[in-house]
């Protein structure tokens, strides 16, 4: 099928078929610090990547516990898994796939999320283990305050 020629009011089309410019190869990106495997290549992948395997296994256990109507212990297990990942990222020089960003960012994100999940699980209703003063204010705002 012949192409329409460009003329007045018609933009010219590129001559290659896709109409898209090829992207240049990405350069200058480096893997995060400590992202090498935790064990050498003589071991199978789950052993080489044991830090992320341990953390994800604990998260799976927490989800399983939660699915059996044990909300608080399951969610605390998930929060503890994040805190363990934070501790492993601090303590080990190489953590494999557990390293996502810089060491500081990984530790900060996993630590803050782990603490937040555990604290909110302990403060959740019914029968909270700890009392957070702002929880009743939030509940009152949504019209669900107790007492």
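Numbering (full-length UniProt numbering), first residue to last: 1 to 147. Glycine included, each C-beta is placed from N, C-alpha and C at the ideal position.
Rounded to whole angstroms, the separation of the alpha carbons of residue 69 and residue 53 is 25 Å. Close CB contacts of residue 33 within its chain, under the 8 Å cut and outside five residues either way in sequence, are with 99, 102 and 103 (chain order). Rounded to whole angstroms, the separation of the alpha carbons of residue 91 and residue 109 is 16 Å.
Distance from the Cα of residue 37 is smallest, within the candidate group 107, 49, 113 and 123, for 49. Excluding its 5 nearest sequence neighbours in each direction, residue 59 has C-beta neighbours in its own chain below 7 Å: 78 and 81, listed in chain order.
Taking the Cα positions, residue 51 is about 10 Å away from residue 57.
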